[in-house]
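Number of protein chains: 4
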Amino acid sequence: MIIVMKPGAARADIERVVERVHKAGLQTHLSAGEDRTVIGVIGHNPYSVKDAFTHDASVADVIRITKPYKLSGREFRPRDTIVELPFGIRIGGGGVAVMAGPCSVENEAMLIETANAVRDAGGHILRGGAFKPRTSPYAFQGLGRAGLAHLARAREVTGLPVITEVMTPSEVECVSDAADVVQIGARNMQNFDLLREVGRQPKPVMLKRGLSSTIEEWLLSAEYILAQGNYNVLLCERGIRTFDTATRNTLDIAAVPLLRELTHLPIVVDPSHATGKWSLVAATARAAVAAGADAVMVEVHPRPDEALSDGPQSLTPANFAALVPQLAAVAEAVGRRLLPPVAAPATATAS
Amino acid sequence: MIIVMKPGAARADIERVVERVHKAGLQTHLSAGEDRTVIGVIGHNPYSVKDAFTHDASVADVIRITKPYKLSGREFRPRDTIVELPFGIRIGGGGVAVMAGPCSVENEAMLIETANAVRDAGGHILRGGAFKPRTSPYAFQGLGRAGLAHLARAREVTGLPVITEVMTPSEVECVSDAADVVQIGARNMQNFDLLREVGRQPKPVMLKRGLSSTIEEWLLSAEYILAQGNYNVLLCERGIRTFDTATRNTLDIAAVPLLRELTHLPIVVDPSHATGKWSLVAATARAAVAAGADAVMVEVHPRPDEALSDGPQSLTPANFAALVPQLAAVAEAVGRRLLPPVAAPATATAS
Amino acid sequence: MIIVMKPGAARADIERVVERVHKAGLQTHLSAGEDRTVIGVIGHNPYSVKDAFTHDASVADVIRITKPYKLSGREFRPRDTIVELPFGIRIGGGGVAVMAGPCSVENEAMLIETANAVRDAGGHILRGGAFKPRTSPYAFQGLGRAGLAHLARAREVTGLPVITEVMTPSEVECVSDAADVVQIGARNMQNFDLLREVGRQPKPVMLKRGLSSTIEEWLLSAEYILAQGNYNVLLCERGIRTFDTATRNTLDIAAVPLLRELTHLPIVVDPSHATGKWSLVAATARAAVAAGADAVMVEVHPRPDEALSDGPQSLTPANFAALVPQLAAVAEAVGRRLLPPVAAPATATAS
Amino acid sequence: MIIVMKPGAARADIERVVERVHKAGLQTHLSAGEDRTVIGVIGHNPYSVKDAFTHDASVADVIRITKPYKLSGREFRPRDTIVELPFGIRIGGGGVAVMAGPCSVENEAMLIETANAVRDAGGHILRGGAFKPRTSPYAFQGLGRAGLAHLARAREVTGLPVITEVMTPSEVECVSDAADVVQIGARNMQNFDLLREVGRQPKPVMLKRGLSSTIEEWLLSAEYILAQGNYNVLLCERGIRTFDTATRNTLDIAAVPLLRELTHLPIVVDPSHATGKWSLVAATARAAVAAGADAVMVEVHPRPDEALSDGPQSLTPANFAALVPQLAAVAEAVGRRLLPPVAAPATATAS
């Protein structure tokens with residue numbers, strides 16, 4: 012950490028600052044420049060005095076020079092994390108996975124219809140929301156535990172692992188029982204009690220980026236989960252909020268290679284929420300794979316115009332079936348490979 | 012709701028759209044313009060078909076024309092809500108209240124020292140966080156229930172009602188027992204399970220605006236609380252996230268008069284979190300009162316350089332004591348009046 | 012255009028509004044809903060009365076339903092524009108072009124060294140700034156007209172057409188003489204006098220998106236150029252400003268497919284300015300091609316650590332040579348093809 | 012400037028960096044921390060090597076520690092600048108001035124009608140645009156030189172100094188001749204050729220903040236003007252672009268006290284453009300004065316519903332007359348005072 016004194020700070024001012032740092036058990040290193048002195052702070056936790064000088068009129072600035080996340084950062088853990096799911100699916104490490112399914116679980120029949128279409132087209136993981144965070148209290152709020160049961164049935168019938176969202180700590184246990192991947196939605200990225208709770212359960216967690224979260228805040232939220240002992244965390248870029256309302260959000264595509272530098276965790280991109288418009292999903296999904304994403308997640312609904320949520324951004328099964336080979340082609344163009352298709356379970360032949 | 016057809020949409024396209032609307036039990040009203048037709052949708056809940064045409068290539072746009080919040084909106088409830096607190100304090104209806112105190116409750120002694128300073132300077136409500144949402148898992152996380160006990164003691168000693176934050180549904184009951192106003196922080200503005208829970212407890216709720224929430228999303232979050240039967244909701248503008256990092260957040264001062272038009276709920280401004288810098292707090296607090304806020308909330312700490320959180324934005328008791336008469340002067344300049352000082356309780360004379 | 016009356020607007024209010032519309036030579040179409048009336052405005056230019064009701068207390072909202080750009084919009088001109096450059100280079104229509112070169116022209120030798128490297132690696136168009144918009148008056152401001160002469164020489168030696176920026180109307184003529192494509196930088200996207208001036212000269216124009224410009228504002232700025240008779244306009248997405256400072260700007264990748272829907276003009280992406288960090292350029296350039304861009308523009312400098320501007324985001328010639336085949340592979344994966352390499356001119360064999 | 016090495020940088024890496032710095036004529040100061048070394052760079056212009064290490068894999072970061080603006084910064088020029096206008100009007104130094112008038116000059120009669128109303132209500136400076144930057148080429152573009160003549164006439168008749176915008180370098184001379192203050196609009200804040208040109212003419216300049224400009228970029232744009240010798244620069248905050256579209260822009264009220272700390276230049280606030288809605292102008296104008304602005308600028312139009320531009324944000328003369336005493340009261344509440352009213356010229360009694 013660096014403390015920058017104002018030009019013209021007196022010797023006594025500098026000594027006062029140095030003394031305060033020493034009092035906290037830290038060491039200092041002075042450097043006198045042309046018109047100002049900077050004080051390096053050295054020791055185990057220099058940030059314990061980071062805010063100690065904001066009321067000191069002789070201090071111009073205090074500058075942090077190390078990253079505040081340790082477990083999720085690549086600096087101290089250089090090798091890529093690979094998240095292993097049932098049915099031999101691995102996220103990270105070079106393959107590209109496709110997650111797909113409806114925004115909300117609406118009933119068992121539509122879920123299984125969609126899941127079969129996803130698997131037949133080459134998708135690897137079934138998504139579907141049982142607990143739904145909705146901006147308006149008057150909107151469809153999801154089926155809750157009944158939705159989890161439908162997901163379990165669709166998993167059994169189709170052989171696809173499932174990912175579904177948890178919204179509150181008291182439901183972590185039941186979601187964790189039903190899901191292969193537990194999702195934390197964008198609105199809950201800084202719901203710290205919830206992060207701690209999913210850090211204590213055994214299933215992998217997909218952490219969506221908050222609507223207006225910096226990369227650093229996102230990695231610190233991952234850190235909450237890792238610090239509880241759960242290292243199987245996927246990071247999902249799903250668009251950020253900007254001044255531009257032509258799309259629902261703005262897909263921060265550069266976050267993909269940037270995260271690759273900063274963290275060892277696998278990276279997922281959700282072009283459906285990022286764009287909010289189904290006609291833009293294919294192009295941005297291809298872009299995500301070209302940029303190096305380990306997985307993409309897209310919304311698919313058999314009849315988007317009747318969907319209870321997010322119809323405007325849902326692909327039809329036919330659109331989705333057209334997209335998968337495009338993603339495979341782009342993956343190969345960048346030296347990667349789509350994961351192999353999931354086999355239908357023996358007992359599901361009649362479905 | 013208005014459905015805008017593309018230029019050149021055929022008669023059959025229009026008929027298909029109209030039929031779909033009628034199927035949902037709604038009526039239509041056609042209007043043929045120079046180069047396109049628009050279809051008005053009339054009926055009880057036109058939004059049930061809002062997303063039904065996003066995959067229809069002949070439809071250009073679907074436009075909403077009513078506001079989605081009912082209980083919090085002024086359209087259907089024109090009179091200002093006034094929130095009554097103990098000790099005769101009323102927020103809304105023309106007076107201006109001042110909430111002040113430390114970011115975090117650190118221990119009983121510092122809390123009572125601060126609370127006395129707040130009351131003596133003319134503050135009306137004591138703030139202090141027991142449960143603290145922190146970006147990093149390595150930062151001080153608050154004292155939890157012990158902090159609530161300190162707040163109860165400070166309330167008793169100083170005669171100030173207290174406001175404190177709740178972060179998760181399982182702690183709503185204990186926070187509600189201890190607090191006069193329950194605060195929902197910015198990061199939890201769309202934690203819908205938590206909103207429902209505070210909607211079911213009896214104390215007033217202060218709902219902070221999310222970091223990047225639109226005014227409409229904010230009022231819809233308030234709607235979650237009101238829909239549970241709790242109508243005592245305060246809205247607190249605390250700065251939004253923008254490209255500008257010169258201040259911690261950007262105080263959206265125009266939100267004050269805009270909310271006044273849109274809602275009957277009282278409006279609070281928090282210049283400490285909005286600016287993140289103590290030297291900017293006084294000017295922006297004065298601006299808030301000039302713009303018509305019903306209350307301001309500022310952070311005060313006896314020794315900001317030793318604060319466990321938010322020291323950089325905390326006023327000293329001396330700064331705060333200088334600010335209160337400024338707020339009183341501005342309030343009078345705009346035809347309002349600071350609430351009268353709170354009397355020290357008889358038993359607290361020794362404090 | 013639609014005028015939405017407030018709930019409870021009286022018959023006289025509605026009549027007053029209708030009369031005002033008729034006075035402007037427009038027709039109206041009333042539609043009475045459950046709790047409010049909406050008035051459709053029909054005629055040649057309904058926007059002439061768009062702002063006429065903002066002080067009318069009985070009007071809730073006025074909603075536009077057509078797009079304000081005509082010449083640049085796809086609605087009235089469905090076929091893709093193809094911009095033809097010298098040496099047989101065509102932008103738009105299915106091929107993918109690569110523009111590359113230094114941020115600034117620093118001297119003739121470095122420019123020709125870079126240009127040769129660009130051509131030899133498979134780049135098609137040489138970029139280089141002679142007039143440089145710099146945030147600080149103390150930064151290198153470009154070589155001006157001398158830089159244009161260096162560009163002319165590099166063009167002759169390498170056989171690459173050149174693109175360079177113009178900053179002010181009085182320099183349009185000299186830039187137009189020297190350049191094959193005249194660039195309008197992001198900061199000048201709404202410099203309307205400059206837009207009109209480049210609309211009157213014969214060379215194609217590449218219009219960069221402003222730092223915080225909406226898609227609609229961008230297309231309206233293109234409209235300024237087209238309205239002067241110059242239809243050869245390229246739109247260049249170069250990152251927008253958001254709260255996120257981890258990258259220099261945020262590359263709005265979804266703008267590529269969105270523009271494809273809205274306009275017939277060719278689309279260029281500049282990943283160098285969008286990210287500001289050379290190590291992120293390759294991944295985002297690949298993403299741009301995967302999303303359907305007609306061209307990418309990247310900064311290349313032989314010795315980025317000595318560059319007078321934008322060194323941090325410049326590729327070395329070796330980085331660039333590694334990127335081109337990646338772009339070719341992604342282009343083929345999405346059914347397109349990189350333009351063929353440019354042949355060295357006969358007279359340049361000694362270079 | 013500080014160069015931060017990566018953890019584990021080898022001795023040879025550090026020596027290479029140090030050598031590169033010395034080669035540029037600068038000195039270094041090493042400080043070895045727990046897990047990384049930081050290198051202080053000392054000398055006249057350390058920023059000459061700021062970008063020299065972005066391709067060096069052993070360097071983590073390069074951190075600037077001084078402000079890049081000198082002439083506009085308070086560090087080297089602590090005393091407030093006061094801008095003197097004709098008729099004894101001074102901006103800065105404790106008084107509060109009010110600028111008002113129509114968005115565009117539409118014709119002489121309406122301008123004089125408005126100007127008289129402005130003066131009679133207590134306004135000090137007449138605003139009015141002759142050259143108008145408009146997003147659409149199809150919108151009213153201003154009267155140009157004829158508008159300047161109307162302004163000159165209004166100035167003569169009412170005794171108010173005038174402020175008007177210049178859009179392009181070739182028109183600086185004629186605008187400078189007609190205006191008492193030359194305005195640079197938000198879209199031209201980084202039109203550097205124009206900034207240099209107004210820096211060379213004698214009239215004070217009001218520099219509006221760009222739509223998405225940081226405070227630092229704004230002060231660097233002011234620096235372009237000051238560097239040409241014109242020190243009479245006013246900074247006008249007029250709202251920034253954020254995700255929030257409930258108001259036209261977001262008024263950054265905290266910029267007022269922040270600028271007061273950073274610069275000696277006078278500060279103006281334009282609540283009309285900041286909010287875009289006339290009903291929000293009075294509250295935000297009061298807030299601006301409460302926050303310490305040296306002047307406010309508001310749009311006034313005798314018949315806003317017939318205005319050729321910005322009618323929605325224009326006050327009527329009656330609204331404006333009601334606002335001025337409110338601003339006077341707030342100014343006094345914060346220890347300042349509205350400038351005295353401007354006397355009508357002797358020859359204008361008949362107006």
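Respectively, the protein sequence lines represent chains A, B, C and D.
So for the first sequence, the working numbering puts the first residue at 12; every next one is plus one.
So for the second sequence, the working numbering puts the first residue at 12; every next one is plus one.
So for the third sequence, the working numbering puts the first residue at 12; every next one is plus one.
So for the fourth sequence, the working numbering puts the first residue at 12; every next one is plus one.
Each residue gets a CB set at the ideal place from its N, CA and C atoms; glycine is no exception.
Assign residue i to buried or exposed, taking buried as 16 or more other Cβ atoms, counted over all protein chains shown, within 10 Å of its Cβ.
i	result
residue 305 of chain C	buried
residue 140 of chain D	buried
residue 144 of chain D	buried
residue 321 of chain A	buried
residue 353 of chain D	buried
residue 161 of chain A	buried
residue 349 of chain A	buried
residue 26 of chain D	exposed
residue 113 of chain A	buried
residue 55 of chain B	exposed
residue 20 of chain C	buried
residue 96 of chain D	buried
residue 361 of chain A	Because residue 361 of chain A carries a pLDDT of 43, less than 50, the predicted location of this residue cannot be relied on, and the following value inherits that uncertainty. Residue 361 of chain A is exposed by the Cβ-count criterion.
residue 263 of chain A	buried
residue 184 of chain D	exposed
Cβ closer than 8 Å: which chain C residues qualify as neighbours of residue i?
i	result
residue 157 of chain A	In chain order: nothing, as chain C lies at least about 33 Å away.
Which two residues bound the contiguous beta strand (DSSP E) that contains residue i?
i	result
residue 249 of chain D	Run containing residue 249 of chain D: none; DSSP gives neither H nor E here.
residue 337 of chain D	Per DSSP, residue 337 of chain D belongs to no beta strand (DSSP E); it is in the alpha helix (DSSP H), 328–344.
Find out if the Cβ-Cβ distance for the pair residue i, residue j is shorter than 8 Å.
i	j	result
residue 94 of chain B	residue 243 of chain B	yes
residue 231 of chain A	residue 270 of chain A	no
residue 188 of chain A	residue 172 of chain A	no
residue 8 of chain A	residue 180 of chain B	The structure shown has nothing for residue 8 of chain A, since chain A only spans 12 to 362.
residue 136 of chain D	residue 74 of chain A	no
residue 49 of chain A	residue 14 of chain D	no
Which bits of chain A does residue i rub up against, with CB to CB less than 8 Å?
i	result
residue 325 of chain C	Result: empty, since nearest Cβ-Cβ is about 16 Å, beyond 8 Å.
residue 64 of chain B	316
Run through chain C and tell me which residues come within less than 7 Å of residue i, C-beta to C-beta.
i	result
residue 264 of chain A	262, 264, 295 and 298
Taking residue i as the query, report the chain B residues whose CB atoms sit under 7 Å from its CB, ordered along the chain.
i	result
residue 86 of chain C	18
residue 96 of chain D	Near residue 96 of chain D there are no residues of chain B at all, since even the closest Cβ is about 25 Å away, more than 7 Å.
residue 322 of chain A	62 and 65
Going along chain D, which residues have a C-beta under 8 Å from residue i?
i	result
residue 42 of chain A	40, 42, 51 and 53
Output the boundary residues of the alpha helix (DSSP H) element that contains residue i.
i	result
residue 33 of chain A	22–34
residue 210 of chain A	203–210
Residues, ordered as in the chain, of the segment 209–242 of chain B that lie near chain A by beta-carbon distance below 7 Å: 222, 223, 228, 231, 234, 235 and 238
Short-range partners of chain C found in the segment 332–356 of chain A, where Cβ spacing is below 8 Å: 337, 340, 341, 343, 344 and 345
Interface positions of the segment 266–286 of chain B facing chain D (Cβ-Cβ less than 9 Å), listed along the chain: 266, 267, 268, 269, 271, 272, 273, 282, 285 and 286
Interface positions of the segment 187–205 of chain D facing chain C (Cβ-Cβ less than 8 Å), listed along the chain: 198, 199, 201, 202, 203, 204 and 205
Near-chain A residues of the segment 12–30 of chain D - C-beta to any C-beta below 7 Å: 13, 15 and 18
Residues in the segment 122–148 of chain C having any Cβ partner in chain D nearer than 8 Å: The segment 122–148 of chain C vs chain D, Cβ under 8 Å: 144, 145, 146, 147 and 148.
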